[in-house]
Every structure is written in structure tokens, then in C-alpha cells.
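Asks:
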Amino acid sequence: MPVVNQLITMVIVMALGILLRKAGMIANGGIKGLSVVLSKVAVPCMVVNLLQRECTPELLHEFIFVCVATYILSVIFALIFLIVGKFLKLDFPELGLFSVSCTYSNVAFMGQPLVLAMFGEEGLIYCVAVIVMQNVFFATLGIGLLTKGIEGSAERTIKDTLKTAFVNGLFINAVIGFILFFNGIMLPECVKNALQYANDSTVFLSMMVIGALLAKANVKNVLKDYRIYVFSFLNLVVMPILTKLIIVNFTDKNIIIGVMVILMGTPTAAAVPAFADHYDADSRKGAEYVFVSTVLSVITLPLVASLVCC
100 MPVVNQLITM VIVMALGILL RKAGMIANGG IKGLSVVLSK VAVPCMVVNL LQRECTPELL
160 HEFIFVCVAT YILSVIFALI FLIVGKFLKL DFPELGLFSV SCTYSNVAFM GQPLVLAMFG
220 EEGLIYCVAV IVMQNVFFAT LGIGLLTKGI EGSAERTIKD TLKTAFVNGL FINAVIGFIL
280 FFNGIMLPEC VKNALQYAND STVFLSMMVI GALLAKANVK NVLKDYRIYV FSFLNLVVMP
340 ILTKLIIVNF TDKNIIIGVM VILMGTPTAA AVPAFADHYD ADSRKGAEYV FVSTVLSVIT
400 LPLVASLVCC
């Protein structure tokens, strides 16, 4: 199965990241540097590159549908996970981190290669829609949940929220990509090649970063917390199942259903610990969510892939 082969490849690269971190060849500064290259250069370039294709009325309609559906689903899931977190006796700010980490999936770094393996180039256009709208969700509702209950978070203004959501490399590049896509403008070959190089680097670099982050986790302590397993079940199993149950009522196009189900079944985004640290939330707990969900996704993603086919 293509998804299994892709996962094995990604695990190998993650293992390399773990080994290099354990050997001291990747320091904290190195992880941060790789993360900056990924978030500020590689992923934004990937978005523009994937939008370099012919825009038809049907494709445009489907693209907009996936954008709207992704945001609405993300909000629904965040609210569901807040309720579940309350039953687990969590309170803010930990409750906010729990909900956001469940909802904000690794669609860019793990999702893209899986979609490519399962659906080919055709599926990547819908992958872009999910990537962009998940980031818009995080920058709007997500950050509000993440910072709720943290001292000083009430001072965050609407202006700050809008700036975070829309003044960043990913969103700006997405707008550029959309303009080119909607108007059928193709970039010169040399520019497209440069974008392709950046696009090709995302999977390797992201798996290295995740591996380096996992190397810092205290595995023994993490595995003692039963809530981490509830979290992983929600993140890796409940989300893709609910996505399919909801989406099939609005579209019968299998590739759209398949792409959204696979992407919603990916583990917690590798960026969560960094964002948690930036907003004074619990970055250690964020790294634990990334660690456990990423490891367990090696088991669950093939099952999710079979769900897509049924």
C-alpha cells in the first residue's frame, strides 16, 4: 500500500533526526533554524508551487468548498475537544492546548506526501486548501484558545489576531498563489524550478525537525498519562471518522472526501510546541502531544487510508 511505504520512509527520516539530536549534531538553535526555513520559506513556496496549474470553474468551486469545509470542521472539532477536555478535568490554559493540539494537524508536513502517494498530483490542490485554512483557524480561534487563562492574554486585541492570521509568509504566499491560479498565470520556468526545489525539501526537513523534537521527550513520563491516549484517539481516529461522516453529506467526489479524511487523520502539527512556547503556554506538553500522536499515527494512518477506500 502506498501510504504504508510513505510512512516507513518518513519514520526513517524521523529516526535520523532523533539520532542526530541525541548525538548533539542538532542543537536547540539548529531545530529553531530548520523550523524557520520550513515555516517561512519551504511551506509558503510549496503553496505557490502547488497552485501552478490550470483553473477550471469546477476546480475553483471544489477548492472553495474544501476551504470552507476545513475551517468549519476545525471549529466544530475544537469545540468538541473542549467538552471532552472538561470531562478529563482539564482547565485553561491546559484545556486550550489540549483542544488546539487535537485540531491543528500536521497537514503540511505529513499530509502532503501521503496525499501525493494516494491520489497523485490531482489531490495536492485540495491539500493546499486544507493547509491554508487550518493555519487560518489556528491564527484566529486557535491562538485565542491557546492563550486563554494565561496572564496577559486578555491584552491581545482584534488587531493582533488579524495581524497574526493574515500578515505572515504562508498566507501572503497563498494569496499570491490564488491570484496566479485564478487568473491562469504561469510563472517562468526558472522561478517554478526554484519553487519546486523548496517544495521537495519540505518532507525531509519537516521529518528531521519532528525527529529532533521527539528526541527531547521524556518517554517514561509521557506514557504514564492516560489522557495522552485519549488525546491521540481523538486526534487520530475520531477526527477522520467524523470528517467522513460529515463530508459525504455535501459532496460525492471521492478524491475530496479522501484527501480531507487523510489530512484530518494526521498527528498534531510539529509547530505546536513552538507556538506554545511563543505564547507562554506549556510547550513541553505540546511536544508530548506531537510525540505520542506521531508515533501512533504509524499504526492509525494505514487504518484511516482503508477508511477512505470503503
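Numbering-wise, the working numbering puts 240 at position 141 of the sequence shown, and it's gapless, one number per residue. We put the beta carbon where it would ideally sit given N, CA and C, even for glycine.
How big is the Cα-Cα spacing for Y378 and R120?
Replies: Roughly 25 Å separates the two Cα atoms.
Asks: With a CB to CB cut of under 6 Å and the five nearest residues on each side skipped, what residues in its chain are close to P428?
Replies: Outside the shown range of the chain (100 to 409) lies residue 428, about which nothing can therefore be said.
Asks: Where do the N-terminal and C-terminal ends of the alpha helix (DSSP H) with T239 fall, by residue?
Replies: Taken as a continuous stretch (DSSP letters only), T239 belongs to no alpha helix (DSSP H), as it is neither H nor E.
Asks: Indicate whether I230 and A216 have their beta-carbon atoms separated by less than 8 Å.
Replies: No, these two residues do not count as a Cβ contact at 8 Å.
Asks: Please list the terminal residues of the continuous alpha helix (DSSP H) segment that includes L157.
Replies: Looking at the sequence provided, one finds Glu at residue 157 rather than Leu. Start and end: 156-186.
Asks: On the criterion of 16 or more Cβ atoms from any shown chain inside 10 Å, does Y388 qualify as buried, or is it exposed?
Replies: Label assigned to Y388: buried.
Asks: Given this structure, state the Cα-to-Cα distance separating I171 from M232, to the nearest angstrom.
Replies: C-alpha separation (whole angstroms): 9 Å.
Asks: I need the boundaries of the alpha helix (DSSP H) containing K291, first residue and last residue.
Replies: Its alpha helix (DSSP H) spans residues 288-313.
Asks: Using the three-state DSSP reduction, which class does T367 fall into: helix, strand or coil?
Replies: If DSSP states are grouped into helix, strand and coil, T367 belongs with the strands.
Asks: Measure the C-alpha to C-alpha separation of L341 and F236 and round it to an integer number of angstroms.
Replies: The alpha-carbon atoms of L341 and F236 are separated by roughly 18 Å.
Asks: With a threshold of 8 Å on Cβ separation, who are the neighbours of A375 within its own chain once the five nearest residues in sequence on each side are excluded?
Replies: Cβ within range, chain order: L196, L245, D381, S382, K384, G385.
Asks: Rounded to whole angstroms, how far is the Cβ of L336 from the Cβ of T399, which I believe are closer than 8 Å?
Replies: The sequence given here places Val at residue 336; Leu does not occur at that position. With 8 Å as the limit, V336 and T399 qualify as a contact, their Cβ atoms being about 6 Å apart.
Asks: Using DSSP's beta-bridge definition, name the partner residues of S204.
Replies: Answer is T367.
Asks: Answer yes or no: do G310 and L115 have a C-beta to C-beta separation smaller than 8 Å?
Replies: Cβ distance < 8 Å, so G310 and L115 count as in contact.
Asks: Taking the alpha-carbon of N234 as reference, which of G219, G222, Y203, M307 has the nearest alpha-carbon?
Replies: It is Y203.
Asks: Candidates N104, V112, I107: which alpha carbon is nearest S305's?
Replies: Here the closest residue by C-alpha is V112.
Asks: With DSSP run on the structure shown, which of helix, strand or coil describes E153?
Replies: Coil at E153, not helix or strand.
Asks: For P339, does the count of other Cβ atoms within 10 angstroms reach 16, so buried, or fall short, so exposed?
Replies: Answer is buried; the Cβ neighbour count reaches 16.
Asks: Cα separation between V136 and A238?
Replies: So the two alpha carbons sit approximately 19 Å from each other.
Asks: Taking 8 Å as the cut-off, decide whether the C-beta atoms of I346 and A168 are in contact.
Replies: Going by C-beta atoms, I346 is nearer than 8 Å to A168.
Asks: How should P287 be labelled, buried or exposed, when 16 other C-beta atoms within 10 angstroms of its C-beta is the threshold for buried?
Replies: When all chains shown are included, P287 counts as exposed.
Asks: Could you have a look at G219 and say whether DSSP puts it in helix, strand or coil?
Replies: Coil.
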